[in-house]
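Read the structure below first, then the notes.
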Amino acid sequence: MWYLSHRDDERSRPSPQTWRNRILRQYVASGCKGCLIWWLASMDGAAFYATSEATAIIAQYEDYFVQEQRCDEKVKIEGVESPNWAAFENDGSLLVLLMNFASEARRASVTVDGKTHGVPLAAYGTEVFVAEQADKAR
């Protein structure tokens with residue numbers, strides 16, 4: 003049973019290069035509660051692989067991805083537009099998830115506690131930046 007057939011849906015399938023980032027962005031937008039992939043006609047090998055990349059990031063850093071730990075106000079991000087980044091804190095460290103939806107590489111800058119870090123982002127790339135906050139380091 004398909005809601006929309008792959009033959010008569012006017013929308014094109016999502017780009018495999020952006021699929022991982024779209025899942026991560028939707029996951030963050032959901033309050034880190036999850037997201038549902040319901041358009042099954044788009045699920046080819048590239049989409050399954052990108053989905054596994056997104057779930058690997060979520061699993062590796064799951065202690066950060068709790069809505070109550072969202073702390074965008076504690077960082078300054080340049081080079082990546084909102085909503086393509088999110089910040090979370092856990093146990094005195096801060097995680098910044100950066101997603102590049104552009105076809106060219108870019109360099110983001112992440113400022114935490116007054117210290118700026120350059121983070122390279124590949125074309126369509128995703129980077130996770132983790133920094134200890136100054137108050138924990140003391």
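Residue numbers for the sequence shown follow the numbering used here, so the first one is 3 and each next one is one higher. In this text, a Cβ means the ideal position worked out from N, Cα and C, and glycines have one as well. Given the structure is predicted, the values throughout are model-derived calculations rather than measurements.
Counting the other CB atoms within 10 Å of its CB gives residue 90 a total of 16 or more, which places it among the buried residues.
The beta-carbon separation of residue 18 and residue 52, rounded to 6 Å, stays under the 8 Å limit for a contact. Exposed is the label assigned to residue 109, since fewer than 16 other Cβ atoms lie within 10 Å of its Cβ.
Around the beta carbon of residue 40, a 10 Å sphere encloses fewer than 16 other beta carbons of the protein chains shown; the residue is thus reported as exposed. In this structure, the beta-carbon distance from residue 133 to residue 121 does not fall below 8 Å. Here residue 18 carries a helix assignment [DSSP, helix/strand/coil]. Per DSSP, reduced to three states, the secondary structure at residue 92 is strand.
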